[in-house]
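Protein chains in written order, with the numbering used here: chain A, 2 to 108; chain B, 1472 to 1597.
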Amino acid sequence: DIQMTQSPSSLSASVGDRVTITCRASQAITNYLAWYQQKPGKAPKLLIYAASTFQSGVPSRFSGGRSGTDFTLTISSLQPDDVATYYCQKYDSAPFTFGPGTRVDIK
Amino acid sequence: QVQLVESGGGVVQPGRSLRLSCAASGFTFTSYGFHWVRQAPGKGLEWVAFIQFDGTNENYADSVKGRFTISRDNPKDTLYLQMSSLRAEDTAVYYCARDGYFYDSNGYNPKGNDYWGQGTLVTVSS
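Put into structure tokens, the structure is as follows:
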């Protein structure tokens, strides 16, 4: 099975900073890669699908990209409301594996 | 609006069974596949099971294969997860999630889990 890793596992940045999270697949996968945001005590929320397409209602400061087997989630200007854990997920075929998550805090 | 509401969680002894339900509303239930995803306390998300829109295809994580069964009752707009031979490591919040999609010039395109329920907690303990 394909494994998904994320880096860093956690980060702390200042309001207004540019933040990038990387998700790597253990083998080549399609563009069927999603990013989710989960705030404490809440269900996950879909942010980006197909590696770089915004889900409706997601702020434009979030963006997704791809380079080979590496996928990135970038927050262009970190806001207090962005404090959360972010997960990537491959959803092309089973098993629909999630990455281990990246916790984002405000410094 | 789209709503998914899980129920059926609780405390159960190891080796026993439990059935979770997920009631859907606000959209055409029969047009979508669904997933169960769980999250152990303080841990990350773990995909558990998937069922296709018409119920003809199911997939399971290795950790639950042979013990859990996903099913759906289309007339009732309800998704289920039958869990048997429960273990302490099955303790988690269980979420149901809709398998989203969109159409473009290339036809059908999946988009991941676009709506989630609020989750139901299953605790396996003696």
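All residues carry an ideal CB built from backbone N, CA and C; glycine is no exception. Since we're looking at a predicted model, the values are computed, not measured.
Take the Cβ of residue i as the centre, count every other Cβ of all protein chains shown within 10 Å, and call the residue buried at 16 or more, exposed below.
i           : result
Ala-1495(B) : buried
Thr-31(A)   : exposed
Phe-1573(B) : exposed
Glu-1477(B) : buried
Arg-1543(B) : buried
Gly-42(A)   : exposed
Val-16(A)   : exposed
Gly-1583(B) : buried
Going by C-alpha to C-alpha distance, which of the options sits closest to residue i?
i           : options                                               : result
Asp-1570(B) : Gly-66(A), Asp-93(A), Arg-104(A) and Asp-106(A)       : Asp-93(A)
Leu-34(A)   : Cys-24(A), Gly-58(A) and Asp-82(A)                    : Cys-24(A)
Pro-1546(B) : Asp-1525(B), Thr-1540(B), Tyr-1566(B) and Val-1476(B) : Asp-1525(B)
Gln-1484(B) : Thr-1562(B), Arg-1509(B), Asp-1575(B) and Ser-1542(B) : Thr-1562(B)
Lys-91(A)   : Arg-62(A), Gln-28(A), Ala-44(A) and Phe-63(A)         : Gln-28(A)
Cys-89(A)   : Gly-69(A), Ile-49(A), Pro-60(A) and Thr-54(A)         : Ile-49(A)
Gly-69(A)   : Val-20(A), Ala-26(A) and Ser-15(A)                    : Ala-26(A)
Thr-1501(B) : Asp-1548(B), Gly-1515(B) and Met-1554(B)              : Asp-1548(B)
Ser-77(A)   : Lys-108(A), Arg-19(A) and Gly-58(A)                   : Arg-19(A)
Thr-1527(B) : Gly-1515(B), Gly-1537(B), Ile-1541(B) and Lys-1514(B) : Ile-1541(B)
Met-8(A)    : Ile-107(A), Pro-81(A) and Thr-21(A)                   : A quick correction: the sequence has Ser, not Met, at residue 8(A). Here the closest residue by C-alpha is Thr-21(A).
Report yes if the CB atom of residue i is closer than 8 Å to the CB atom of residue j, and no otherwise.
i           : j           : result
Leu-74(A)   : Tyr-87(A)   : yes
Leu-1592(B) : Leu-1552(B) : no
Thr-6(A)    : Gly-65(A)   : no
Val-1519(B) : Ala-1511(B) : no
Gln-4(A)    : Asp-1585(B) : no
Tyr-1566(B) : Trp-1587(B) : yes
Phe-1521(B) : Ala-95(A)   : yes
Ala-1(A)    : Asn-1580(B) : Given that chain A is displayed from residue 2 to residue 108, the structure contains no residue 1(A) and the question cannot be resolved.
Gln-1523(B) : Ala-44(A)   : no
Since I believe residue j is in contact with residue i (beta carbons under 8 Å), could you give me their beta-carbon distance rounded to a whole number of angstroms?
i           : j           : result
Ser-1(A)    : Thr-103(A)  : Nothing can be reported for residue 1(A), as the shown portion of chain A is limited to 2 through 108.
Val-105(A)  : Asp-83(A)   : 6 Å
Leu-1489(B) : Leu-1557(B) : 7 Å
Ala-1559(B) : Val-1595(B) : 5 Å
Val-1535(B) : Gly-1497(B) : In fact, because the Cβ distance is near 28 Å, the residues do not count as touching under 8 Å.
Review point. Which runs of the beta strand (DSSP E), 3 residues or longer, sit entirely within the stretch 1555–1584 of chain B?
Key: Runs found: 1563–1575.
Review point. Quick one: complete alpha helix (DSSP H) runs, 4+ long, within the stretch 1484–1538 of chain B?
Key: Runs of the alpha helix (DSSP H) inside the stretch 1484–1538 of chain B: none found.
Check your understanding: Where in the stretch 40–84 of chain A do unbroken runs of the beta strand (DSSP E), each at least 3 residues long, occur, reported from the N-terminal end onward?
Key -> Complete beta strand (DSSP E) runs here, min 3: 46–50, 63–68 and 71–76.
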